[in-house]
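Below is the structure:
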């Protein structure tokens, strides 16, 4: 079975440009998570969805960040406008359900560099 | 609020030697605990998890971890390290809504 699929794997963009990261969760999983990893702050949960509905977006850093999940098999994380401090690895992850005991499976990440 | 502490930022062990990576957590309820491994340029892979029951948990790649409630610890162990184990290891606690809270990670270096 395919794992969590993210695209693009690598992106370099100029400050001020819009960035869209995409994610396809594991089929049948009801929960989807977006994490950000930086050297300074480690792994941070940005937002998570359950049954396509955003449940907790308290980790989204500011209004420049937005996330959508239009259907069970697709989610996007958008940054507009992008800034150099947004440079990080963005991970999408999914799990069967929202219960704390469910294993979360991670994608390979989208490596974003904003210059 | 829940938190995870991994006291060691870097650890270096010789190939074939035993390994123990430390993890301490803070969580008000019964914790769900996880260890993930991240190889350079890769995503996170689950090594093992603890939900309940036997406090010694076996995982993939020969790893095991022991949950000690009295010490709020969930240390990861491997009896004999291989060069391919060099990676970064993250301990995490599962909080409400399956929000994983991660430790800062421990980078493992293996010397031959």
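Residue numbers (my numbering), protein chains in the order written: chain A, 52 to 166; chain B, 210 to 321. The C-beta atom is built at its ideal place from N, Cα and C for all residues, glycine as well.
Sort out for me which residues DSSP pairs residue 285(B) with in a bridge. Within the DSSP bridge table, the entry for residue 285(B) names 230(B) and 274(B) as partners.
Quick check: the stretch 120–140 of chain A against the stretch 271–289 of chain B, are there 3 or more CB pairs under 8 Å? Taking a cut-off of 8 Å on C-beta distances, the stretch 120–140 of chain A does not touch the stretch 271–289 of chain B, as fewer than three cross pairs fall below it.
Backbone CA spacing between residue 163(A) and residue 262(B) [nearest angstrom]: Rounded to whole angstroms, residue 163(A) to residue 262(B) spans 41 Å at the Cα level.
Quick one: is residue 159(A) near chain B, going by C-beta distance under 8 Å? Flagged as an interface residue toward chain B: residue 159(A), by a C-beta distance shorter than 8 Å.
Quick one: which unbroken beta strand (DSSP E) runs of 3-plus residues sit fully inside the stretch 82–106 of chain A? Chain order, please. List check, beta strand (DSSP E) in window: 82–89 and 93–101.
Which bits of chain A does residue 356(B) rub up against, with CB to CB less than 8 Å? Not covered by the structure: residue 356(B). The range shown for chain B is 210 to 321.
Limits of the unbroken beta strand (DSSP E) element including residue 128(A): 125–130 is the extent of the beta strand (DSSP E) around residue 128(A).
Identify whether residue 57(A) lies in helix, strand or coil by the three-state DSSP scheme. DSSP places residue 57(A) in strand when its eight states are reduced to three.
Anything in chain A within Cβ reach of residue 252(B), meaning under 7 Å, just list it in chain order. In chain order: 142, 157, 158, 159 and 160.
Enumerate in chain order the residues of its own chain whose CB-to-CB distance from residue 109(A) is below 7 Å, with the five nearest sequence positions on each side excluded. So the list is empty, once near-sequence residues are dropped.
Suppose the cutoff is 8 Å on Cβ atoms and the five residues either side in sequence are ignored; what does the same chain contact list for residue 125(A) look like? Excluding five sequence positions before and after residue 125(A), the CB atoms of its chain that fall closer than 8 Å to its own CB belong to 73, 74 and 75, given in chain order.
For a contact defined as C-beta to C-beta under 7 Å, what are the partners of residue 79(A) on chain B? Chain B residues near residue 79(A): none, gap ~15 Å exceeds 7 Å.
Apart from the five residues just before and just after residue 116(A), which ones in its own chain have a Cβ nearer than 6 Å to its Cβ? Contacts found: 130.
Beta-bridge partners of residue 80(A), as assigned by DSSP: Answer is none; residue 80(A) lacks a bridge partner.
Grab me the residues of residue 119(A)'s own chain with a C-beta within less than 6 Å of its C-beta, minus the 5 sequence neighbours each way, in chain order. 127, listed in sequence order.
Please confirm if residue 270(B) has its CB atom under 8 Å from at least one CB of chain A. With 8 Å as the cut-off, residue 270(B) does not count as an interface residue toward chain A.
Going by DSSP in three states, residue 135(A) sits in which element: helix, strand or coil? In the structure shown, residue 135(A) falls within a helical segment according to DSSP collapsed to helix, strand and coil.
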